[in-house]
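Take a look at the structure below.
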Amino acid sequence: MNLSLSGTLAPELGQLKHMEILNFMWNNISGNIPKEIGSITALTLLLLSGNHISGSLPEELGYLPNLVNFQLDSNDISGPIPKSFANLPKVAHFHMNNNSISGQIPPELSVLPLRHFLLDNNNLSGHLPPELARMPSLKMLQLDNNNFEGSVVPASYSNMSKLVKLSLRNCNLQGPVPDLSTIPGLLYLDLSRNQLTGNIPSNKLSDNITTIILSGNILNGSIPLNFSALPNLQRLSLNNNRLSGFVPTTIWENKTFSPDAKLILNLQRNLLSDISGILDPPPNVDIMLFWFKRASLAANQPKQAAFKGALVLQIIFQGQLYGNPVCGNANERQITQFCKPKDGDEEYGVFNNSIPSCAAQQPCNSYSEHVPTLADGCFCAAPFGVGFLLRSPSFSDFPPHYSDFEQWIKDSVNLNIYQIYIHSVAWQSGPRLRTFLKFFPPRINDSNDFAKFNDSEIVRIANVFATFNLTGSDVFGSYDLLNFTAMGYSSALFPPLGGGGSRVNIGTMAGIVFGSLCAAAVLLMAIIFVFLKMRRRFHVSKDQSLPKFPMRIEGVKALGFKELEAATNSFSSTTIIGQGGYGKVYKGILAEGTIVAIKRAQQGSLQGEKEFYTEIELLSRLHHRNLVSLVGYCNEGIEQMLVYEFMPNGSLHDLLSARYEQRLSLGTRLYIALGAARGILYLHSEADPPIIHRDIKPNNILLDSKFTAKVSDFGISRLAPLPDAETSGNVSTVVKGTPVRLYSSYMLKPAIENRIAIRPAT
1 MNLSLSGTLA PELGQLKHME ILNFMWNNIS GNIPKEIGSI TALTLLLLSG
51 NHISGSLPEE LGYLPNLVNF QLDSNDISGP IPKSFANLPK VAHFHMNNNS
101 ISGQIPPELS VLPLRHFLLD NNNLSGHLPP ELARMPSLKM LQLDNNNFEG
151 SVVPASYSNM SKLVKLSLRN CNLQGPVPDL STIPGLLYLD LSRNQLTGNI
201 PSNKLSDNIT TIILSGNILN GSIPLNFSAL PNLQRLSLNN NRLSGFVPTT
251 IWENKTFSPD AKLILNLQRN LLSDISGILD PPPNVDIMLF WFKRASLAAN
301 QPKQAAFKGA LVLQIIFQGQ LYGNPVCGNA NERQITQFCK PKDGDEEYGV
351 FNNSIPSCAA QQPCNSYSEH VPTLADGCFC AAPFGVGFLL RSPSFSDFPP
401 HYSDFEQWIK DSVNLNIYQI YIHSVAWQSG PRLRTFLKFF PPRINDSNDF
451 AKFNDSEIVR IANVFATFNL TGSDVFGSYD LLNFTAMGYS SALFPPLGGG
501 GSRVNIGTMA GIVFGSLCAA AVLLMAIIFV FLKMRRRFHV SKDQSLPKFP
551 MRIEGVKALG FKELEAATNS FSSTTIIGQG GYGKVYKGIL AEGTIVAIKR
601 AQQGSLQGEK EFYTEIELLS RLHHRNLVSL VGYCNEGIEQ MLVYEFMPNG
651 SLHDLLSARY EQRLSLGTRL YIALGAARGI LYLHSEADPP IIHRDIKPNN
701 ILLDSKFTAK VSDFGISRLA PLPDAETSGN VSTVVKGTPV RLYSSYMLKP
751 AIENRIAIRP AT
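UniProt numbering applies: residue 1 is where the sequence shown begins, and numbers increase by one.
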């Protein structure tokens, strides 16, 4: 896993009949999935996420009798879902989101014992099968960003008695909002960006629900009373509909709130005419109403409402009444702070845990830290860090779930609660939740000795995450392992990397975990390496230091100057395929045969090291089939280069020019336009943080071998110098600071409005 491997999967893998885990996640593997993998009858985990695997899904994969986790997300897989997949008797996790899978969802899959069914961001079409309601164990159904061609949400989905999360955002659905009040454990409902019509059902949803998102439809009528007395509600988004009348006072009925509770309401762009209900809450609630934008909250906070009580409810109005008739006389009503426009979706924010000061105590050495969760004084210990991603959490606000999350981790890894420290969590598009944990060795005595885990305990903890053995949770859902960080563990178990010597990447750790289990695992990995003819590339060589700020670049290779020089025949002029303000673009062929496009910055366009790595870190988080993918980078000496996937059909400008001999059909033109629009929509609305392109034109819409449109040149600085002050106004798009500060600076202070991002090509 994450070994910087490239090449293709060999058919000979099918001869490993007793292999239980096949994990090549987050590498650069290309080609098709060999049908011979369907012969590995002992296989329980098939983990191929985050590669460049293409082609269709082999029917033979439907005959794996022991398969539990089927994870192929974030690849280039196309074609339909084979009906043979209905023959997987034990499969519980079906993760194939972020591909190009097409056709209908086979109704035959309804017999599967699936708990998580994630197929968002594909090209699925046809009707939503009502038969999916028969899945006996289904908890999460996530099909966002597909095209179900005017299908309705089947009424049978109200019979999914175990469903926890239903997310059908941007699926071209029509008809009414289904009545889901019969689902007792529903936590999360997202039916936004469709064409749903009629009234919102009046029956009350589950008391457990945290999130209701119905924005971007054609719903009319009034806001129903069924949103009252929902004790766990964190987000209610009804914006961009045709709702009229008043906001009911019963939203607050019988509600109790913890001091850190937060409820986000978004009602903007409706036909609402009366908001008196939300300005006159029960006497046991203090309400703080303020206009929230990405700049500082304190600067925009109006006077606190004159209501006193024992508890505090924090209500964030994100321009939430803008576009309603009630704003016609906002000054008279004294509600101007709620009538300001705000483009884009709600912010989810970042949570960073505070660390108690231990300055009076004996300082720790270079590889140790004070254990922040000890209540009886300071103690130095060497932490073991784990980064992982919650794929589909069933909530919108993390702080109320902090204790449950901590207990979930404690029960899974079997440690004391003081040994677990939640360092940070950050929302990403999806929405997904990225987390970083630190585990500390136990305190044996009252001294301030520098404690460390022994090797076997490190391997045990790592194995819980690497083999997906966290205990199941309806609230936190499925997850992906991102990285291990082991400060101070420099024995043979953890060889240091580069000059820094303090960070162990996930690939090394994965090898450590499985290599330590038994000698047979080492032999197995060796066999696989021979079959695949792959070589491991360290992201940092021995004579090159790691960046001096915390970061991790997923799925992006660090390439040396000599590698790219060889790939372009010493940057020969014959390999130049483009040129811009940043420098020249070269067509290159990497050592393993991958064709790439290499952007080489010219003198005067170079960024500082922090800015360069910040841009790479941000670009590495952008995954969409209609965006050009970042493959790698080079930052060596005075050279800065970004390496992208190669687009064989060039740009849209080339295709529309006179020199292109073949005339494009209307269908092809519409296909290209739709793909470009989807890519731009993702950048502007769903990327984390949202990115305003500023230069959308035919030259920046590239086409792959199938004429799939992919938007390019969308980086924060795009390796270009800052615009001249006389011509750029106040626009500045260069990220300043480290990735850790990206959320607090750039994400909360957008430098440009998305309504001015699109301009005609010149």
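We put the beta carbon where it would ideally sit given N, CA and C, even for glycine.
Runs of beta strand (DSSP E) with 3 or more residues, each lying fully within the region 591 to 628, are found at 595 to 601, listed in chain order.
Classified as exposed, Pro363 has fewer than 16 neighbouring CB atoms from the shown chains inside 10 Å of its CB. Ranking Ile275, Ser206, Gly175 by CA distance to the CA of Ser222 puts Ile275 first.
Apart from the 5 residues on each side of it in sequence, Ala687 sits with its Cβ closer than 7 Å to the Cβ of Ser429, Leu622 in its chain, given in chain order. The closest CA to that of Gln195, considering only Leu186, Thr211, Ser151, Met160, is found on Ser151. The beta-bridge partner set that DSSP reports for Glu636 consists of Glu639.
Residue pairing for Cys378: DSSP places it in no beta bridge.
Three or more Cβ pairs closer than 8 Å define a contact, and the region 64 to 75 meets that threshold against the region 87 to 98. No Cβ-Cβ contact shorter than 9 Å links Leu191 with Leu225. DSSP lists Ile576, Ile598 as the beta-bridge partner residues of Tyr586.
In the DSSP secondary-structure assignment, Trp427 is bridged to Leu433. By the criterion of at least three beta-carbon pairs nearer than 8 Å, the region 642 to 658 is in contact with the region 694 to 707. A distance below 6 Å between beta-carbons, with the five flanking residues on each side excluded, links Leu652 to the following residues of its chain, in chain order: Pro698, Ile701. Straight across, the Cα-Cα distance linking Gly103 with Ala381 is about 54 Å. Looking only at Pro58, Leu124, Thr435, Pro176, the smallest Cα-Cα distance to Ala426 is reached by Thr435. DSSP places Leu189 within a strand segment (E or B) once states are collapsed to three. Bridge partners of Phe388 according to DSSP: Thr435, Leu481.
Each residue's CA atom was taken as its position, placing Leu163 and Asn649 some 44 Å apart. In the three-state DSSP reduction, Asp404 falls in the helix class (H, G or I). Annotated as distal: Val628 and Gly588, with beta-carbon spacing of 9 Å or more.
Ser712 is positioned such that its CB atom lies closer than 9 Å to that of Met647. Rounded to the nearest whole angstrom, the CA to CA distance from Pro393 to Leu666 is 41 Å.
Residue pairing from DSSP places Glu369 in a beta bridge opposite Ala381.
DSSP, read as helix, strand or coil, puts Asn147 in coil. The way I'd put it, the region 128 to 141 doesn't touch the region 82 to 89; fewer than three beta-carbon pairs between them come closer than 8 Å.
Secondary structure of Arg460 (DSSP, three-state): helix. Counting along the chain, Leu205 sits inside no alpha helix (DSSP H), nor does DSSP assign it H or E at all. Residue burial is scored here from C-beta neighbours: Leu16 has at least 16 other C-beta atoms within 10 angstroms and is therefore classed as buried. Comparing C-alpha distances from Asn146 to each of Ile101, Ser202, Ser228, Val556 shows the shortest one belongs to Ile101.
Annotation for Phe561: the continuous alpha helix (DSSP H) segment containing it runs 561 to 567. Assignment of Val413 by DSSP, reduced to helix, strand and coil, places it in the helix class.
Comparing alpha-carbon positions, the option among His693, Leu187, Asn414 lying closest to Phe465 turns out to be Asn414.
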